[in-house]
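Residue numbers (our numbering): 20 to 507.
Right under this line is the structure:
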């Protein structure tokens with residue numbers, strides 16, 4: 020259950036949707052979104068302005084999709100449809116919410132099933148194969164000037180005198196130790212075997228009797244005062260270590276029980292359905308065909324699309340991950356579907372046991388989400404004075420579109436940094452929106468950009484501030500423009 024889920028900011032880089040030719044009659048338009056148009060000439064200007072960017076089809080697609088995301092965001096702000104309520108937050112941040120809930124449920128399962136007795140703790144302590152340690156560090160780097168080292172040693176000596184005189188070692192560590200890994204915990208580190216630490220530090224630990232304290236120990240990090248905790252003091256640390264050692268077995272048994280009781284069955288058409296979804300995620304986002312059946316529910320194609328989109332939204336890694344999914348063997352896709360179904364079953368167990376985020380956590384999420392949205396609105400220029408509530412919605416939408424266009428100018432010239440929408444907000448905004456990327460317009464934009472670049476071929480081209488995601492082309496066919504794609 021402790022499967023790391025890296026949930027990062029969204030930037031949709033793969034175009035999808037209902038295929039059609041209705042838009043191909045407008046070769047001068049690269050994309051549309053909620054009634055706004057992105058002209059081929061404008062894309063060419065953006066690409067030409069972003070010096071250092073490689074002119075290729077995926078660069079056009081990157082710009083088009085970035086423009087779609089910003090435009091859908093700006094238009095939602097202009098129309099008053101962008102909310103920061105619990106429903107919106109749940110939809111935009113569901114991967115992180117799901118991860119937090121599954122981890123909380125995992126912790127409760129471990130707490131109930133982990134059984135570490137005092138006898139086990141005493142046995143582990145007596146075996147003396149690992150030792151807990153408590154220390155205070157006063158930093159003095161090896162290359163530090165002699166004066167700095169002398170001052171650090173003098174400080175460490177003064178702390179040692181207080182400790183030797185009976186001072187509270189944990190309190191001294193919290194007050195004086197410069198080790199960020201242990202200071203807040205009173206200088207304590209959990210049990211570790213010989214050889215875990217720097218040689219001088221390690222030698223000192225293994226020479227001390229329970230409760231005994233060292234003199235000053237010098238390492239490349241500085242000056243240490245080291246103490247070996249007693250058996251009683253070590254007990255909470257040993258309990259934690261022994262409990263964590265049981266987690267893999269607890270996880271294995273939990274999943275074995277969960278899967279067995281769920282009677283999971285992968286559908287015969289599952290692989291074909293997953294491959295069709297991977298070829299066009301947007302087109303399949305509402306596809307409810309079954310991939311995996313289990314008692315009391317199903318894992319469907321739209322669930323698969325949602326998870327894949329969450330995993331592949333990072334602009335740096337997403338395109339490569341998506342290509343890896345597409346190139347995966349059938350057996351790997353089947354196993355992936357099973358793992359996702361297991362995650363769904365974990366969340367179902369969390370639901371059954373009323374495991375949810377606390378009111379405080381929800382408040383923090385809402386404040387963080389609202390703050391990030393407000394920050395992006397301000398950076399684009401979607402301020403109240405621009406989007407005058409007294410103006411008509413049509414005028415507000417026009418003003419929002421203009422601000423997006425100006426924002427691209429600022430991006431290209433490096434006046435602002437590229438910002439991605441929080442969580443899966445971009446994916447959520449695309450759900451019911453009308454947007455399109457046109458193959459003919461994309462090709463036209465690329466041709467125009469190449470012509471502009473050729474006309475100024477003698478100009479030095481340092482890397483520009485706006486770059487498309489690295490890695491392979493985000494759609495099959497790295498040398499061909501994207502196919503027409505429309506969200507009707």
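Beta carbons are placed, not taken as given, at the ideal position from N, Cα and C, and that holds for glycine.
Confirm, please, whether the CB-CB distance from residue j to residue i is below 9 angstroms.
i: residue 449; j: residue 87; result: yes
i: residue 82; j: residue 406; result: no
i: residue 227; j: residue 175; result: no
i: residue 359; j: residue 322; result: yes
i: residue 366; j: residue 122; result: no
i: residue 111; j: residue 388; result: yes
i: residue 241; j: residue 158; result: yes
i: residue 98; j: residue 412; result: yes
i: residue 453; j: residue 54; result: yes
i: residue 103; j: residue 392; result: yes
i: residue 416; j: residue 94; result: yes
i: residue 233; j: residue 254; result: no
i: residue 283; j: residue 161; result: no
i: residue 296; j: residue 324; result: yes
i: residue 419; j: residue 107; result: no
i: residue 312; j: residue 286; result: yes
i: residue 244; j: residue 190; result: no
On the criterion of 16 or more Cβ atoms from any shown chain inside 10 Å, does residue i qualify as buried, or is it exposed?
i: residue 396; result: buried
i: residue 171; result: buried
i: residue 100; result: exposed
i: residue 455; result: buried
i: residue 386; result: exposed
i: residue 457; result: buried
i: residue 436; result: exposed
i: residue 440; result: buried
i: residue 188; result: buried
i: residue 251; result: exposed
i: residue 320; result: buried
i: residue 143; result: buried
i: residue 177; result: exposed
i: residue 474; result: exposed
i: residue 378; result: exposed
i: residue 362; result: buried
i: residue 403; result: exposed
i: residue 80; result: buried
i: residue 184; result: exposed
i: residue 223; result: buried
i: residue 76; result: buried
Who are the near neighbours of residue i in its chain, counting only those whose CB is closer than 8 angstroms to its CB and skipping five residues on each side?
i: residue 194; result: none
i: residue 400; result: 422, 425, 426
i: residue 248; result: 151, 152, 153, 207, 229, 230, 256
i: residue 20; result: Here residue 20 scores only 39 on pLDDT, less than 50, and its place in the model is too uncertain to base an answer on.
i: residue 14; result: Here the chain comprises residues numbered 20 to 507, so residue 14 is not present and cannot be evaluated.
i: residue 225; result: 150, 213
i: residue 380; result: 119
i: residue 239; result: 160, 161, 217
i: residue 74; result: 66, 465, 468, 469, 472
Near residue i, which residues of its chain fall below 6 angstroms by C-beta distance, leaving aside the five closest residues on each side in sequence?
i: residue 141; result: none
i: residue 57; result: 49, 50, 86
i: residue 89; result: 423
Among the residues of its own chain, which have a CB less than 7 angstroms from the CB of residue i, if the five just before and after it don't count?
i: residue 352; result: 290, 293
i: residue 149; result: 210, 211, 212
i: residue 486; result: For residue 486, the pLDDT reaches just 47, beneath the cut-off of 50, and the residue's location in the model is therefore unreliable, leaving the point undetermined.
i: residue 429; result: 435
i: residue 139; result: 261
i: residue 202; result: 192, 193, 196
i: residue 165; result: none
With three or more beta-carbon pairs closer than 8 angstroms as the criterion, would you say the stretch 306-314 touches the stretch 285-292?
yes
Could you tell me which uninterrupted beta strand (DSSP E) segments, each at least 3 residues in length, are contained entirely in the stretch 135-180, listed from first to last along the chain?
149-158
Flag this pair as touching only if the stretch 125-133 and the stretch 259-279 have three or more C-beta atom pairs under 8 angstroms; answer yes or no.
yes
Jot down the residue ranges of each uninterrupted alpha helix (DSSP H) in the stretch 315-367, minimum 4 residues, whole runs only, in chain order.
320-330, 337-346
Segment contact, 8 angstroms Cβ cut-off, at least three pairs: the stretch 197-212 with the stretch 149-159
Verdict: yes, contact present.
Would you be able to state if there are at least three C-beta pairs under 8 angstroms between the stretch 267-287 and the stretch 158-178?
no
Under 8 angstroms, with one C-beta from each stretch per pair, do the stretch 316-324 and the stretch 461-477 reach the 3-pair mark?
no
Curious, which full-length alpha helix (DSSP H) runs of at least 4 residues does the stretch 92-120 contain?
105-111
If contact is defined by three or more beta carbon pairs under 8 angstroms, each pair taking one atom from either stretch, is the stretch 60-72 in contact with the stretch 465-472?
yes
Fully enclosed by the stretch 391-420, which beta strand (DSSP E) runs are 3 residues long or longer?
none
Note down, one range per segment and in chain order, each alpha helix (DSSP H) of at least 4 residues found wholly within the stretch 213-250.
218-224
In the stretch 421-484, which residue ranges form an unbroken alpha helix (DSSP H) of at least 4 residues, counting only runs that do not cross its ends?
444-449, 458-474
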